[in-house]
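Numbering follows numbering that gives the first Met the number 0, with no gaps: position 77 of the sequence shown is 76.
Below is one structure, written out as structure tokens; the observations come after it.
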Amino acid sequence: MLIVPSHRAALDPDRTLVVGNRGVGKSFWTGVLADPAARAHVARTFRELAAVDVDVGFNGSERTGSVAPTKNAIDQAFRDHGDADAVWRAVLVRAARAHNIPVPRAATPDGFTAQVAWAKDNGETVDRIVTKLDDQYVQEGRRLVIVFDALDRLGTNWETKRTQATALLKRALAVRSFRAIRLKLFMRRDQFEDPLLFRFADGSKIENQRVELVWKTHELYDLLFSWLEKHEVSAIAFGQLIASVRARSALSGVDQQVRLVNAIAGEFMGATRKQGRVYTWLPLHLSDARGETSPRTFLTAWLEAALREPAPVRRAIDHLGIHEGVRKASEDRLKELEEDYAWISLALRPLRGLQVPMDRAALKSTWRSKRTTSEILRDSSATNALPPVRLDSATAADRDREDALLEDLVAIGIVELRPNDKVNVPDIFRLEAGIKRKGGVPAPKRG
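Next comes the structure, spelled out in structure tokens:
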């Protein structure tokens with residue numbers, strides 16, 4: 000398992016909220032924390048995890064657990080009782096029971112809905128139960144972290160998701176009054192960017208202390224080289240390459256990473272340095288408008304570059320293969336994000352064949368002429384998919400719907416709004432969407 004140093008804060012028990020887009024490792028780290036063997040492995044590097052137990056409080060699973068209720072169970076309990084805080088207090092009672100804290104028989108009837116009803120009516124008893132759990136961990140010199148992932152699966156609309164997520168954030172703040180118990184939330188980017196989510200007392204504390212789950216350039220190359228070292232098909236040849244460039248190892252610093260990249264693909268994206276250096280050019284052209292690159296996207300680009308025919312003579316990969324890799328990565332990344340944000344393709348479709356950067360006014364005019372915002376809302380309603388969060392509330396707030404949609408795209412890194420009011424679409428989305436850019440990587444031809 001590759002240990003990513005910059006992700007240490009994401010695993011810190013005292014950092015409540017971790018935010019990231021799809022594919023950056025939210026569910027991966029949830030799984031690592033929840034798995035005792037994997038957590039012990041990581042604790043060799045991150046010592047603060049050595050005396051930590053972890054329960055999963057919610058992960059969107061349909062499999063019932065001793066602590067985590069299913070999505071359907073939460074939906075039913077919220078419909079029946081309308082008290083989101085009671086839902087999360089019931090989860091804390093389940094955690095206490097799982098750790099052998101005495102709990103009244105009435106607190107754990109069959110069915111999560113009945114458990115929520117009890118928690119709603121017995122707040123003081125819930126506090127005593129959780130206090131006993133905290134005392135037990137303090138006496139043992141250990142800590143308990145309850146992890147919540149896949150929060151976007153709560154509810155079926157933005158209002159319900161917001162209500163339940165806000166209640167959980169409030170509960171996480173309240174739990175910080177205990178000495179040994181902490182809640183940790185992994186949250187999707189668009190949910191975090193909901194402008195109404197943190198409108199509660201001290202909400203800014205969690206918002207401002209969030210951890211952004213991102214991959215730095217050298218960590219992406221660490222991932223690539225770790226993959227090459229561990230897989231049988233590449234391990235021997237890659238070991239020889241490390242020796243040939245006199246690197247101590249593939250994970251021993253940026254300078255040695257650069258030497259390895261130069262040996263694999265050449266130093267430049269063409270004949271001279273004017274086209275850019277491969278080491279920095281590729282992550283830049285795979286990044287979204289927030290400057291973030293998905294590790295899966297990075298590996299896809301290198302794999303596709305290696306498969307290009309005809310293969311280069313002197314090296315494993317050349318700059319033409321890297322261009323193909325970026326195009327393939329664009330195709331895959333856009334499809335991947337559409338699984339979470341079904342409306343992205345509808346928002347970008349009117350821009351096919353147009354050139355960026357483009358004026359904000361021109362973009363809004365294009366959307367209006369194509370009735371894009373109406374199509375997105377209509378499609379979301381017909382398919383029971385979530386619409387963009389700002390667009391969803393734009394009509395009620397008497398806002399310009401095109402401005403709201405643009406803000407939604409900016410929030411999740413699909414487009415960049417520059418200070419001069421120009422709108423740009425990064426290559427990682429522009430190519431597959433068929434949007435032009437002067438001097439940019441050519442979009443794939445569709446035949």
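From the three backbone atoms N, C-alpha and C, an ideal C-beta is built for every residue, glycine too.
Identified DSSP bridge partners for residue i
| i | result |
| --- | --- |
| Asn423 | Glu415 |
| Phe480 | Nothing about residue 480 can be reported from this structure: the residues present for the chain run from 0 to 446 only. |
| Lys131 | Answer by DSSP bridge pairing: none, since Lys131 is not bridged. |
| Leu143 | Asp52, Ile180 |
| Gln354 | Lys435 |
| Glu211 | Val18 |
| Phe57 | Phe147 |
| Arg187 | Gly19 |
Distance, residue j Cα to residue i Cα
| i | j | result |
| --- | --- | --- |
| Arg447 | Ala264 | A question about residue 447 goes unanswered here, because the residues of the chain that appear run from 0 up to 446. |
| Ala454 | Ala410 | An answer regarding residue 454 cannot be provided, because it is not within the stretch 0 to 446 covered by the chain. |
| Thr296 | Ala234 | 22 angstroms |
| Gln354 | Ala304 | 26 angstroms |
| Ala166 | Ala310 | 56 angstroms |
| Lys119 | Arg161 | 20 angstroms |
| Val31 | Ala262 | 34 angstroms |
| Gly446 | Thr216 | At Gly446 the pLDDT is 44, less than 50, meaning the model places this residue with poor confidence; the figure from the coordinates comes in the next sentence. Approximately 35 angstroms, taken between the alpha carbons. |
| Phe197 | Ala173 | 15 angstroms |
| Val285 | Ala67 | The question names Val, but residue 285 is Leu in the sequence shown. The alpha-carbon atoms of Leu285 and Ala67 are separated by roughly 36 angstroms. |
| Thr112 | Asp52 | 27 angstroms |
| Tyr136 | Ile180 | 8 angstroms |
| Ala8 | Gln255 | 26 angstroms |
| Arg447 | Thr394 | This structure does not reach residue 447, given that the chain is present from 0 up to 446, and the question cannot be answered. |
| Gln274 | Leu143 | 51 angstroms |
| Ala76 | Ala116 | 8 angstroms |
| Asp434 | Leu350 | In the sequence on display, residue 434 carries Ile and not Asp. Going from the Cα of Ile434 to the Cα of Leu350 covers about 6 angstroms. |
| Asp109 | Thr155 | 25 angstroms |
| Leu1 | Ala361 | 45 angstroms |
| Gly202 | Asp13 | 16 angstroms |
| Glu323 | Glu330 | 11 angstroms |
| Ile128 | Ser5 | 36 angstroms |
| Arg93 | Gly438 | 58 angstroms |
| Leu404 | Val90 | 36 angstroms |
| Arg38 | Arg141 | 14 angstroms |
| Thr159 | Glu337 | 22 angstroms |
| Thr292 | Lys369 | 31 angstroms |
| Asn423 | Glu206 | 27 angstroms |
| Gln208 | Ala200 | 15 angstroms |
| Glu228 | Leu416 | 40 angstroms |
| Val125 | Arg88 | 7 angstroms |
| Thr69 | Leu153 | 10 angstroms |
| Gln239 | Val41 | 29 angstroms |
| Val55 | Val86 | 15 angstroms |
Neighbourhood of residue i by C-beta, 7 angstroms cutoff - its chain only, sequence neighbours within 5 removed
| i | result |
| --- | --- |
| Arg96 | Val102, Thr107 |
| Asp358 | Asp420, Lys421 |
| Lys25 | Val17, Gly19, Asp148, Phe185, Leu212 |
| Pro386 | Trp342, Ile375, Leu376, Ser379 |
| Ala83 | Phe77, Thr162, Gln163, Ala166 |
| Asn58 | Thr29, Ala67, Asp148, Ala149 |
| Glu266 | Arg276, Val277 |
| Val253 | His217 |
Own chain partners of residue i with C-beta closer than 6 angstroms, once the 5 adjacent residues on each side are dropped
| i | result |
| --- | --- |
| Val260 | Val277, Tyr278 |
| Ser373 | none |
| Val3 | Glu218 |
| Gly320 | Ala304, Arg307 |
| Asp339 | Arg21 |
| Thr371 | Pro349 |
| Glu192 | Ala410 |
| Leu347 | Ala432 |
| Leu182 | Ile145, Ala171, Val174 |
| Ala384 | Ala341 |
Other residues of its chain near residue i: CB distance less than 8 angstroms, five sequence neighbours each side excluded
| i | result |
| --- | --- |
| Val325 | Leu281, His284, Leu285, Ala300, Asp426, Ile427, Leu430, Val440 |
| Met268 | Gln274, Gly275, Arg276, Val277, Trp280, His318, Ile321 |
| Lys204 | Leu172 |
Residue i Cβ short of 6 angstroms to the ligand MG heavy atom set
| i | result |
| --- | --- |
| His284 | By its list of ligands, the structure shown contains no ligand whatsoever, and the ligand MG lies outside what it can speak to. |
Problem set entry | Complete beta strand (DSSP E) runs within the segment 88 to 127 (minimum length 3 residues, chain order) | List check, beta strand (DSSP E) in window: nothing returned.
For this session: Go through the segment 216 to 246 residue by residue and report every complete run of the beta strand (DSSP E) that reaches 3 residues or more, in order.
Result: Counting only runs of 3 or more, we get nothing.
For this session: Mind listing, in chain order, the continuous alpha helix (DSSP H) runs of no fewer than 4 residues lying wholly within the segment 371 to 403?
Result: As summarised for the segment 371 to 403, the continuous alpha helix (DSSP H) elements at least 4 residues long and confined to that stretch are 371 to 382, 388 to 393, given in chain order.
Exercise. Enumerated in chain order, which unbroken segments of the alpha helix (DSSP H) with a length of 4 residues or greater are wholly contained in the segment 319 to 353?
Worked result: Correct list: 343 to 347.
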